[in-house]
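Notes for the one structure printed next.
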Amino acid sequence: MAADMENFWAGRTCLVTGGAGFGGSHLCEHLLNLGADVHVLDRWLPRNSYLMLSEQISKVNYIQGDIRDMDLLRLTLERFEINTIFHLAAQPIVPISNVLPQETFSINAQGTYTVLEAMRTAKSVDRMVFASSGAYYGATFTNQAIQESHPPLPATNIYAPSKVAGDVAVRTYAHVYGLKTAACRFMNTYGPGDTNFSRIIPRAIKNMITDSSYDFGARDDGSSQIDCLYIGDMAQAYTSVAENLESVAGEAFNFGTGIPVAIRDLTSAASQVFDGQVRTPIFSGPTKKKPSIKYLDINHAQKILDWQPTTTITEGLEKTIKWYQENWNLL
């Protein structure tokens, strides 16, 4: 890391909304390692949050609250003289979005507008980075990497349009009000501390640790190809955008590895890393005539931000599995 970037973050006051979540916890850890002064706003702090289990909680200022509470947001920004906001708070579970559509839109869209308005009227806040999603692009049917210019398409869930609304708002506030804001679009991230066991890698690890059947249910036939980014690379993506907001305000950036992998192959790789055994993953979803492939073109981030994913899938799986083995009794 360049010395000037170390100086950039040293003592900088940052607010991470959703900082007790999976991605937020790792971003907090990364910011603390860079020397930033980190404040967390989240509705709750689960005992099995990575922020708790990694003992980073003692190094941050945790504020319990909802991002839709404008008064609380303004008070937080002013009281702690927040300079940089990382807005990760969201209802992130796709299946839940279809069960609770209004709650999902309220948090993901209206909540983002609330953060933007609090930032716009605060004196101390200089910049804001928003956690968008590859779901922004909707249900695509291409085997080509998706570029940032790709328009949103109709989706199969309510989560996607809720993130589109936040993503567009963040970029529009930059153009209308001159704010230094930008959006980060991610597809699939993995790493230590993800307690959403419906996701493919946590589910694989749970099945192996509990010596259960290597079964992944009926949601897929194993042929779908996804792009998996290690959580440490995700954290660095956020700070890379923040560091460059003077020149990239109003933009969106894709982040990933740029290499899709079939989930059947991913589960096989996890099994090999876990104990060297060859397990046959069970996928009981209907057989697809054509595999679903969705991954992001990351050339823009590589060129403009000089950002590169640095963790291979094998390295990432090794770090992740080791963490779950060491912390399983705490989850």
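Just so you know, the UniProt record's numbering puts 63 at position 63 of the sequence shown, and the rest follows in order with no gaps.
Every residue gets a Cβ at the ideal spot worked out from N, C-alpha and C, and that includes glycine.
Since the structure is predicted, the reported quantities are computational estimates derived from the model, not experimental observations.
- If you look at residue 118, you'll find it in the alpha helix (DSSP H) that goes 111–121.
- Residue burial annotation: residue 25 is buried, with at least 16 other C-beta atoms found within 10 angstroms of its C-beta.
- Between residue 251 and residue 182 a beta carbon distance of about 5 Å is seen, short of the 8 Å cut, so the two are scored as contacting.
- Counting along the chain, no beta strand (DSSP E) covers residue 79; the unbroken alpha helix (DSSP H) around it starts and ends at 70–79.
- Contact between residue 73 and residue 118 holds: CB atoms are separated by about 4 Å, below the 8 Å threshold.
- For residue 330, no beta strand (DSSP E) encloses it, and the DSSP letter there is neither H nor E.
- Residue 31 counts as buried, since no fewer than 16 other beta carbons sit within 10 angstroms of its beta carbon.
- For residue 29 and residue 190, the gap between their C-alpha atoms comes out near 16 Å.
- Note that the C-beta distance between residue 201 and residue 311 is not below 8 Å.
- For the pair residue 272 and residue 103, the Cα-to-Cα distance works out to about 40 Å.
- Residue 31 carries a helical assignment under DSSP once its states are collapsed to helix, strand and coil.
- Within the same chain, 153, 154, 155 and 156 come within 7 Å of residue 139 by CB-CB distance, once the 5 residues on both sides are set aside.
- Around the Cβ of residue 176, a 10 Å sphere holds fewer than 16 other Cβ atoms; the residue is exposed.
- Uninterrupted beta strand (DSSP E) stretches at least 3 residues long and entirely within the stretch 235–268 occur at 252–255, given in chain order.
- Counting the other CB atoms within 10 Å of its CB gives residue 91 a total of 16 or more, which places it among the buried residues.
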